[in-house]
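Engineer: Using the working numbering, read the sequence shown as starting at -19 and increasing by one per residue. Glycine is no exception: its CB is placed at the ideal position from the N, C-alpha and C atoms. Dumping the structure here so I can ask a few things about it.
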Amino acid sequence: MTTVPHSLCLALDGARFGPRAAALTPAWLWVHQGMVKHLAAYPPAALPPDTVHLQGGWAVEPLADAHVHLFLCGAFSKEERAATASLDRDGALQRILDLLADYRGRGIAAVRDGGDPHGLALEAAEVANRHPDRYAAVRPSGEPVFRRGLYGGFLGAGVETPREAARLLERNRRRGATQAKLLATGLNSLDRPGQVGPTQFGPNELREITAAARALELPTMVHANGPLGTVLSSAPTSVEHGFWAEPQDLAALAGQGIAWVPTVGAWARLAAHPGLTPAQRQVVAATDRRHREAIAVGFRLGVRLTAGSDAGTPGVRHGAGLLEEIERLAAAGLGRAAALATATYHARGLCRGSADRALGGLARGGPGGFLWLTADPVADPQALSSPRGVFLGGEWSSQGNARG
Ligand SMILES: [Zn+2]
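Here's what the structure looks like:
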């Protein structure tokens, strides 16, 4: 059920918030007219008489997924993927809205869409972003920029020149895109570890394209694998994937404050793809091992690691894929608290737009947003999978008898 309590006070076993998912335990949280009025280890002094009181459990800031593809279905099975692809426009849009309702129910406040060729994410955003009580917010890219004929054909038509790229970005922007998605390289090879599909744009072209994005006030979300020198010199907002980056690239990511969305689960899930040969399976495993080592190094260097599931790619389901990504980042060397922060504080940071009450958080004085859990999500990863309640966009929805 969904309600709009004027005033909500939770006496919690603990709360997790901020860039390191710091723990406060015990914690008293008071949300009044949608704003966090109090978060402290002691109760608030005086509360309005109509305050709803809840007792026990943990609060954690809302989640966000910094890399998804809403128009794709996440199954390995060709039949299932084809069935999703063959939906008519109304059916495809309804399917996406259902996904967004599911995201919202899980406490995932927003998803950043990495591009689709049909403008479905743009259209879904128009509906979903008006209804934070029902749907996760969508940050759509529209049609990504890539070199016509190179990797990306399933995401759009591609461009030949930076000028054409600028026109595409302008068109996306007019339709509501909130960032520019650029494909700077291809995919990792399944046959030779370390081999990456061809570079799509020269340094000058990439700089021109990112300058066009900046002129449109669009942050850049850049798909890149292999050495990152050229990409980093264009000062992207985030690097997506980043397999086989050079050690100095990791230091530069940290130094330049560029977010890294390593999508570790999307690659790791490939190992289970029924279409791979045993030799390819070994290449997938070697690439995954190398990536996890780079993530551990990046984390030690202070890179702003950010959770993005790449949901919609084969093997990665929407919603569940984000929880899996958190676990994989934790296991890669971040530990659970820092891994949680990649999917809360940092992922929401990449999903933040101009009017973001909907994304909320636990910062005192700011718009409220949180998941109410039965246990500490750092001690018990299962706790995140079925929240007792979700407060987002000023709306409180809870499972069963959760009103005090
Ligand atoms: Zn992607």
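Note down the Cα distance separating residue 177 from residue 206, rounded to an integer number of angstroms.
Structural biologist: The C-alpha of residue 206 is placed about 9 Å away from the C-alpha of residue 177.
Engineer: Verify whether the separation of the beta carbon atoms of residue 104 and residue 331 is less than 8 Å.
Structural biologist: For residue 104 and residue 331, no; Cβs fall outside 8 Å.
Engineer: Contact between the segment 24 to 36 and the segment -11 to 9 is defined here as three or more beta-carbon pairs at a separation below 8 Å; is this criterion met?
Structural biologist: yes
Engineer: Evaluate contact between the segment 310 to 319 and the segment 259 to 276, counting only Cβ atoms and requiring at least three cross-stretch pairs below 8 Å.
Structural biologist: yes
Engineer: Just to confirm, is the Cβ distance from residue 338 to residue 369 under 8 Å?
Structural biologist: no
Engineer: Please report the residue range of the beta strand (DSSP E) in which residue 369 lies.
Structural biologist: 369 to 372
Engineer: So, with DSSP's three-state summary, where would you put residue -13?
Structural biologist: DSSP places residue -13 within a strand segment (E or B) once states are collapsed to three.
Engineer: If you run the structure through DSSP and keep just helix, strand and coil, what is residue 347?
Structural biologist: strand
Engineer: Kindly examine ligand 1 and report whether one of its heavy atoms sits closer than 7 Å to the Cβ of residue 290.
Structural biologist: yes
Engineer: Within its chain, find whatever has a CB closer than 7 Å to the CB of residue 47; leave out the 5 residues flanking it on each side and keep chain order.
Structural biologist: 92, 94, 220, 241, 243, 288, 289, 290, listed in sequence order.
Engineer: Would you check if the segment -4 to 15 and the segment 81 to 92 touch, i.e. whether three or more CB-CB distances between them fall below 8 Å?
Structural biologist: no
Engineer: Is the beta carbon of residue 222 sitting closer than 8 Å to the one on residue 208?
Structural biologist: yes
Engineer: What are the partner residues of residue 263, as DSSP defines its beta bridges?
Structural biologist: According to DSSP, residue 263 bridges with nothing at all.
Engineer: Distance, Cα to Cα, residue 233 vs residue 227?
Structural biologist: 10 Å
Engineer: With respect to the alpha helix (DSSP H) encompassing residue 0, which residues constitute its N-terminal and C-terminal limits?
Structural biologist: That residue, residue 0, is in no alpha helix (DSSP H); it is neither H nor E in DSSP.
Engineer: In whole angstroms, give me the CA-to-CA distance for residue 6 and residue 24.
Structural biologist: Cα-Cα distance, rounded: 13 Å.
Engineer: Give the DSSP-derived three-state secondary structure of residue 213 in the structure shown.
Structural biologist: Here residue 213 sits in helix by DSSP.
Engineer: Does DSSP put residue 13 in a helix, in a strand, or in coil?
Structural biologist: coil
Engineer: Quick one: does the C-beta of residue 293 sit closer than 7 Å to a heavy atom of ligand 1?
Structural biologist: yes
Engineer: Assuming the contact rule is C-beta atoms closer than 8 Å, residue 157 and residue 186 should be a hit. Round their C-beta distance to whole Å, please.
Structural biologist: Going by Cβ atoms, the distance from residue 157 to residue 186 rounds to 19 Å, so no, they are not a contact pair.
Engineer: Would you check whether ligand 1 has a heavy atom nearer than 7 Å to the C-beta of residue 94?
Structural biologist: At least one heavy atom of ligand 1 lies less than 7 Å from the C-beta of residue 94.
Engineer: Within the same chain, show all residues whose beta-carbon is closer than 6 Å to that of residue 247, passing over the 5 residues directly before and after it, in chain order.
Structural biologist: 268
Engineer: At what residue ranges does the segment 57 to 115 contain a whole run of the alpha helix (DSSP H), taking only runs of 4 or more?
Structural biologist: 58 to 65, 69 to 85, 100 to 108
Engineer: Let me check understanding here. Comparing Cα to Cα, which of 367, 261, 378 lies closest to residue 38?
Structural biologist: Closest by C-alpha distance to residue 38, out of 367, 261, 378, is 367.
Engineer: Fully enclosed by the segment 182 to 235, which alpha helix (DSSP H) runs are 4 residues long or longer?
Structural biologist: 183 to 195, 209 to 213
Engineer: Are the Cβ atoms of residue 147 and residue 122 separated by less than 8 Å?
Structural biologist: no
Engineer: Would you list, in sequence order, the uninterrupted alpha helix (DSSP H) runs of no fewer than 4 residues that lie entirely inside the segment 105 to 183?
Structural biologist: 142 to 154
Engineer: Apply the 10 Å Cβ neighbour rule to residue 140 and answer buried if 16 or more other Cβ atoms are within range, or exposed otherwise.
Structural biologist: exposed
Engineer: Could you have a look at residue 286 and say whether DSSP puts it in helix, strand or coil?
Structural biologist: coil
Engineer: Within the chosen definition, does the segment 317 to 330 reach the segment 55 to 62 through at least 3 CB pairs nearer than 8 Å?
Structural biologist: no
Engineer: Can you give the Cα-Cα distance for residue 384 and residue 36, rounded to whole angstroms?
Structural biologist: With a pLDDT of 37 at residue 384, under the threshold of 50, the modelled position of that residue is not reliable, and the figure given next carries that caveat. Cα-Cα distance, rounded: 11 Å.
Engineer: Within 10 angstroms of the Cβ of residue 134, are there 16 or more other Cβ atoms? Answer buried if so, exposed if not.
Structural biologist: exposed
Engineer: So, residue 217 versus residue 239, is the Cβ gap smaller than 8 Å?
Structural biologist: Against a cut-off of 8 Å, the Cβ pair of residue 239 and residue 217 comes out as a contact.
Engineer: Ligand 1 heavy atoms versus the CB of residue 49: any closer than 7 Å?
Structural biologist: yes
Engineer: Please report the Cβ distance between residue 189 and residue 124, rounded to the nearest whole angstrom; I am assuming they are in contact, meaning their Cβ atoms lie under 8 Å.
Structural biologist: Contact doesn't hold; Cβ gap of about 11 Å is too wide.
Engineer: Along the chain, where does the alpha helix (DSSP H) that runs through residue 326 open and close?
Structural biologist: 325 to 331
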